[in-house]
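**Student:** Below is one structure. I have some questions about it.
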Amino acid sequence: MNDPELLRIVCRVLPTELLAIVHIPELVNTFLLPATIDSAVYNDLVGVIQAYGCSRPWTVAAMDGAATRGRLDIVHWLYAHRCGGCSTAAFLGAASHGHLDVLKWLHNFYPMLCDSEKEQVLAAEYGHVGVVRFLLPGRRAREVKACLVAAAANGHVQVMEAVFPWPVDMTQCLVAAAAKDHLEVLRLLLDRGYNDQIRYVGPALRDAVAAGQVNSIQFLLDKCDDFGVRSALGTAVESGRTAVVEQILGRCSPDEVPIGRELKKAAQRNQCEIVQLLLAKRAHARLGLTKEIQAAIDVAFLDAVKHGRIDIVKALADSSGFSVTDALRHAERRRQWEIVKMLLDFARMEGSI
């Protein structure tokens, strides 16, 4: 391998007295030059290749980069003039960027390096229908699940239709589409019969709620049964998504909502706005304040007093069955002085003291 010629910048920047010391400009030059010529090759920098092609190593990254950029002409030249070949990265790069002609050539000349499943998943992720179709022959329905999930997660309906018929279980696809708010994918899947409440719609709704995808939530709420809606409400409370809790509560009748259970969870997480929403929903319940709900309020109130969650204490003070005296005693034991002050003010307003 020949010694590389000096970069112009080295000659311009280094003082004359340093240039006169031969090994110094050579060391600076070596430090500035890239380790290989590969990037110059796949970016078609002819002048750089002519100047440094004999002094820099050529590796498989040259063809990998050319394939990723769709430069079939450079791939052809490398195959004819260099012996480095390529790696699996060439296939994955061509597939992810939709360079079908390059991918076909690679499969023909380097079949031992292909990974059709990974290539198809990447093509599906970026919506390259032609590449997905090319890689489809010979693959069974269960072998394309990862490809379908990638397409669903990125909203590529055409890719999903190209892969039909689908596997029996499409739960992951529904969940992935819901989490990313791809309504067209959700409609496609439900229209194709993947609408079982427990297996499909419920899990999809929960993931949409966890991700805060309002459009998917609204779409799936209309398709979901009461059990799925209640489960989604629990997820919304656990995720602290106030707007979603309000959205779900608007879909339920007051007597369908597990107010007590969710109120305790929200209070423990200091989610005051959610607690207030649940209390407001409870006020419209046909059954009124049940023993279960009252017990939940009392537990949440006492826990908030003990742990100094003052906003929760304020929100629950009117509804709690605890006397102010008992609450003050617990607050004092825990040295929650802000709670003590708040309870004393509350008692004065209520005329309890």
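Under the UniProt record's numbering, think of the first position of the sequence shown as 1, with each following residue one higher. Built from N, CA and C at the ideal position, the CB exists for glycine as well.
1) To the nearest angstrom, how far is it from the Cα of Q121 to the Cα of V131?
2) With a cut-off of 8 Å on the beta carbons, I'd call V201 and C173 a contact; round off their distance for me.
3) Out of G308, A89 and D345, which has the shortest C-alpha to C-alpha gap to C114?
4) Would you call the CB atoms of V41 and A66 closer than 8 Å?
5) Can you list, in chain order, the residues of its chain with a C-beta nearer than 6 Å to that of K180? Leave out the 5 residues immediately preceding and following it.
6) N108 by DSSP, collapsed to three states: which one?
7) Closest by CA to K264, which one among R241, D73, C252 and E292?
8) Measuring straight from C-alpha to C-alpha, what distance separates R241 and P258?
9) In chain order, what residues of the same chain have a beta carbon less than 6 Å from the beta carbon of A176, not counting five sequence neighbours either side?
10) Measuring alpha carbon to alpha carbon, tell me which of D101, F109 and A141 ends up nearest E117.
11) Can you say whether R309 is buried or exposed, counting buried as having 16 or more other CB atoms within 10 angstroms of its CB?
12) What is the rounded straight-line gap between the Cα of D311 and the Cα of I274?
13) Need the endpoints of the alpha helix (DSSP H) that W77 sits in, please.
14) Output the residue ranges of the alpha helix (DSSP H) runs that lie fully inside the segment 102–171 and measure 4 residues or longer, sorted by chain position.
15) Please report the straight-line C-alpha distance between A283 and D298, rounded to a whole angstrom.
16) Kindly indicate which three-state DSSP category S320 falls into: helix, strand or coil?
17) Do R251 and V229 have their C-beta atoms closer together than 8 Å?
18) Does the distance from the C-beta atom of L277 to that of F219 stay below 8 Å?
19) Among M112, L279 and D303, whose alpha-carbon lies nearest the alpha-carbon of Q268?
20) Find out if the Cβ-Cβ distance for the pair L233, V245 is shorter than 8 Å.
21) Ends of the alpha helix (DSSP H) at P203?
22) For a test of the three-state rule: what should DSSP assign to S239, helix, strand or coil?
23) Helix or strand or just coil, what does DSSP make of residue 364?
24) What does a CB cutoff of less than 7 Å around V159 pick up in its chain, not counting 5 residues either side in sequence?
25) Rounded to the nearest angstrom, how far is the Cβ of D44 from that of A61, given a contact under 8 Å?
26) Could you tell me the alpha carbon to alpha carbon distance between F322 and L344, rounded to whole angstroms?
27) Relative to the C-alpha of F301, which residue among A280, T290, L188 and L328 is closest?
28) Measuring straight from C-alpha to C-alpha, what distance separates D64 and R139?
29) Can you list, in chain order, the residues of its chain whose CB lies under 6 Å from that of A331, leaving out five sequence neighbours each side?
30) Specify, as a first and last residue, the run of the alpha helix (DSSP H) that V275 falls within.
31) Could you give the residue range of the alpha helix (DSSP H) that holds N215?
**Tutor:** In short, the structure shows the following:
1) With the sequence shown as reference, residue 121 is identified as Val, and Gln is not the correct amino acid for it. Roughly 10 Å separates the two Cα atoms.
2) Actually they are not in contact, since the Cβ atoms of V201 and C173 sit about 13 Å apart, beyond 8 Å.
3) Among G308, A89 and D345, the Cα nearest to that of C114 belongs to A89.
4) yes
5) A153
6) helix
7) E292
8) Each residue's alpha carbon lies about 17 Å from the other.
9) V149, A152 and A153
10) A141
11) buried
12) 12 Å
13) For W77, the enclosing alpha helix (DSSP H) starts and ends at L72 to H81.
14) 116–125, 129–134, 145–153 and 157–163
15) 16 Å
16) coil
17) yes
18) no
19) D303
20) yes
21) G202 to A211
22) helix
23) Any answer about residue 364 is impossible in this case: the structure gives the chain only from 1 up to 353.
24) Residues A124, G127, V129, V132 and A151 of the same chain have their beta carbon placed closer than 7 Å to that of V159, with the five preceding and five following residues left out of the count.
25) Between D44 and A61, the beta carbon gap of about 15 Å keeps them out of contact (Cβ cut-off 8 Å).
26) 14 Å
27) L328
28) 26 Å
29) V305, I339 and V340
30) C272 to A283
31) V214 to L221
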